[in-house]
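Step one of this worksheet: look at the structure below.
2 protein chains.
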Amino acid sequence: MNNKELENTETEILNAAKEVFLQKGMAGARMQEIADKANINKALLHYYYRSKQLLFEAVFKSAFKLLAPQLNRVLNDDTDLFEKIRKFTENYVAFVIKHPYLPNFVIQELSKNPDFIQKLRAEKNFPTIDKFKIQVNEAIDKGIIKPIEAEQLFINIISLNIFPFIGEPLLMALVNMDKESYKKLLKKRKTEVSEFIINSIKI
Amino acid sequence: MNNKELENTETEILNAAKEVFLQKGMAGARMQEIADKANINKALLHYYYRSKQLLFEAVFKSAFKLLAPQLNRVLNDDTDLFEKIRKFTENYVAFVIKHPYLPNFVIQELSKNPDFIQKLRAEKNFPTIDKFKIQVNEAIDKGIIKPIEAEQLFINIISLNIFPFIGEPLLMALVNMDKESYKKLLKKRKTEVSEFIINSIKI
DNA sequence: ATGTGATTTAACTATTTGGTTAACAAATTT
DNA sequence: AAATTTGTTAACCAAATAGTTAAATCACAT
Numbered sequence: 052m053n054n055k056e057l058e059n060t061e062t063e064i065l066n067a068a069k070e071v072f073l074q075k076g077m078a079g080a081r082m083q084e085i086a087d088k089a090n091i092n093k094a095l096l097h098y099y100y101r102s103k104q105l106l107f108e109a110v111f112k113s114a115f116k117l118l119a120p121q122l123n124r125v126l127n128d129d130t131d132l133f134e135k136i137r138k139f140t141e142n143y144v145a146f147v148i149k150h151p152y153l154p155n156f157v158i159q160e161l162s163k164n165p166d167f168i169q170k171l172r173a174e175k176n177f178p179t180i181d182k183f184k185i186q187v188n189e190a191i192d193k194g195i196i197k198p199i200e201a202e203q204l205f206i207n208i209i210s211l212n213i214f215p216f217i218g219e220p221l222l223m224a225l226v227n228m229d230k231e232s233y234k235k236l237l238k239k240r241k242t243e244v245s246e247f248i249i250n251s252i253k254i
Numbered sequence: 052m053n054n055k056e057l058e059n060t061e062t063e064i065l066n067a068a069k070e071v072f073l074q075k076g077m078a079g080a081r082m083q084e085i086a087d088k089a090n091i092n093k094a095l096l097h098y099y100y101r102s103k104q105l106l107f108e109a110v111f112k113s114a115f116k117l118l119a120p121q122l123n124r125v126l127n128d129d130t131d132l133f134e135k136i137r138k139f140t141e142n143y144v145a146f147v148i149k150h151p152y153l154p155n156f157v158i159q160e161l162s163k164n165p166d167f168i169q170k171l172r173a174e175k176n177f178p179t180i181d182k183f184k185i186q187v188n189e190a191i192d193k194g195i196i197k198p199i200e201a202e203q204l205f206i207n208i209i210s211l212n213i214f215p216f217i218g219e220p221l222l223m224a225l226v227n228m229d230k231e232s233y234k235k236l237l238k239k240r241k242t243e244v245s246e247f248i249i250n251s252i253k254i
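From first to last, the protein sequence lines are chains A and B. Quick note, the first sequence lines up with residues 52 to 254 if you use my numbering. Quick note, the second sequence lines up with residues 52 to 254 if you use my numbering.
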């Protein structure tokens, strides 16, 4: 066997599957396309991952494992609140550029299968809001920020960061920009979004 | 024929198709399910709408026709900027409660078929940002709001309003709430989101 | 009533698609 | 090196699914 590149067929398959599932979703993905992209026979897919469902679950879990640390960067990390918002915003853009379809995929498949979240919750490192909540309330008590529910602030942070990527095709048309200008606009958001948030909450 | 309810088969079909397509997307929708939901034979679908693709396009256009006026409420409407942001935010929640899957559907299908936006752009009433841009720049000149690009502000407004619905299953889990509490939180956003935005930009 | 076009149906077809089988090949153990 | 286990393939299968056909029925004008 040529162990230069094909060192690990299983990984090869998972990568191909990621590519296809992330772009087309569970319903739109085709096992044949995944096999082709992995340069293997379709039967081999079923040898490694017994069914489409199981392969999908492997992809989904792998995708979520990449996303979770990003979310934890806001939720469970005890740097200063403002600094944290700045860092998260800056890093998130870089993350999505590296994995353009990932957040959309996770959200999309979760909407179509809401029970799935239960399986994730059980896993180690599932992000929780507790620490963030304490931090926000402390900042309020100290008079650093205006009163706001931690949940609402968190949703605002996430929305402002994730949606411009998920809604890209729609937003691009609405603001009447081509791909290149829109990408520039997104890069500017690395700093603008955090300032927008901090402006709103700081006293 | 019982003309009480079945006054118009074509409309009956379109409604059933909307239900199915909006929830399952193009790839996940099944013609049989649409036929069942419309209480008709599958052949009748093809009698009225020749193919799945054409039926899908009818649904998509109809969906976008509902969404466009919502967007135009921010973009093309010459009430005061702050008042506009308040009104839009308040109305948008009501809109999504009435059409829960709609925004997600539009965005999702556009991501999977970005060329599709061209067809929409040609249509009457496609929202454009021009008017909003002028309004924002005037407000900046008058010293009412801090300098900000109109495009960025628009994206912020849309993101803060749409994403909490699209990302509902994920966000619900992250903030550790059940459906009921989350719905309450969303209702609170009717006023909180606009204050969050205005706080950030006002001088 | 009857002829005509629009509407509706049951039954069918072609294709796609997830999954299987059985045989072959390569690596590993004995 | 013989035997066994692991990896890989071509060919096949059954179910699902979009789409078709041809006949039946309805609405209604003549």
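In this text, a Cβ means the ideal position worked out from N, Cα and C, and glycines have one as well.
With 16 other Cβ atoms within 10 Å as the buried cut-off, status of residue i
i         : result
Glu-189/A : exposed
Thr-140/A : buried
Ser-210/B : buried
Asn-207/A : buried
Ser-232/A : exposed
Pro-120/B : exposed
Glu-160/B : buried
Ala-224/B : buried
Ile-10/A  : Given a span of 52 to 254 for chain A in the structure shown, any question on residue 10/A remains unanswerable.
Ala-173/A : exposed
Lys-235/A : exposed
Gly-76/A  : buried
Glu-243/A : buried
Limits of the alpha helix (DSSP H) - the one that residue i falls within
i         : result
Arg-240/A : 230-252
Lys-175/A : Where Lys-175/A is concerned, there is no enclosing alpha helix (DSSP H), given that its DSSP letter is neither H nor E.
Pro-120/B : 103-126
Ala-196/B : Per the sequence presented here, residue 196/B reads as Ile, with Ala not at that position. Ile-196/B -> no alpha helix (DSSP H), and no H or E assigned at all.
Val-147/B : 132-149
Asn-66/A  : 60-79
Val-157/B : 153-163
Tyr-99/B  : 93-99
Asp-87/A  : 82-88
Chain A contact for residue i (CB, 8 Å cutoff)
i         : result
Asn-66/B  : no
Leu-225/B : yes
Leu-161/B : yes
Ser-251/B : yes
Glu-202/B : yes
Glu-243/B : yes
Closer than 8 Å to chain B by CB, residue i
i         : result
Phe-72/A  : no
Glu-141/A : no
Leu-96/A  : no
Pro-165/A : yes
Ile-136/A : no
Phe-247/A : yes
Ile-256/A : No answer is possible for residue 256/A: it lies beyond the span of chain A, which begins at 52 and ends at 254.
Leu-236/A : yes
Ile-34/A  : The structure shown has nothing for residue 34/A, since chain A only spans 52 to 254.
Val-110/A : no
Ile-168/A : yes
Assumed close pair residue i, residue j - CB separation to whole angstroms, cut-off 8 Å
i         : j         : result
Leu-118/A : Leu-106/A : About 19 Å separates the two Cβ atoms, so there is no contact after all.
Ile-196/B : Lys-253/B : 6 Å
Residue i: CB within 7 Å of a non-hydrogen atom of the ligand ADP
i         : result
Phe-133/A : Within the structure as shown, the ligand ADP is missing, as the structure has no ligands at all.
- Message: Along the stretch 205-223 of chain B, where does the CB come closer than 9 Å to a CB of chain A? Name the residues.
- Response: Result list: Phe-205, Ile-206, Asn-207, Ile-209, Ser-210, Leu-211, Asn-212, Ile-213, Phe-214, Pro-215, Ile-217, Gly-218, Glu-219, Pro-220, Leu-221, Leu-222, Met-223.
*Check distances from the C-beta atoms of the stretch 75-87 of chain A to those of chain B and list, in chain order, the residues that come in under 9 Å.*
The stretch 75-87 of chain A vs chain B, Cβ under 9 Å: Lys-75, Gly-76, Met-77, Ala-78, Gly-79, Ala-80.
* Interface positions of the stretch 173-188 of chain B facing chain A (Cβ-Cβ less than 7 Å), listed along the chain -> Listed in sequence order: Pro-178, Thr-179, Ile-180.
Select from the stretch 114-126 of chain A all residues with a C-beta closer than 7 Å to any C-beta belonging to chain B, and list them in chain order. Within the stretch 114-126 of chain A, Leu-122 place their CB atoms closer than 7 Å to a CB of chain B, listed in sequence order.
TODO: Determine which residues of the stretch 144-156 of chain B have a Cβ less than 7 Å from any Cβ of chain A, and write them out in chain order.
DONE: Answer set for the stretch 144-156 of chain B: Asn-155.
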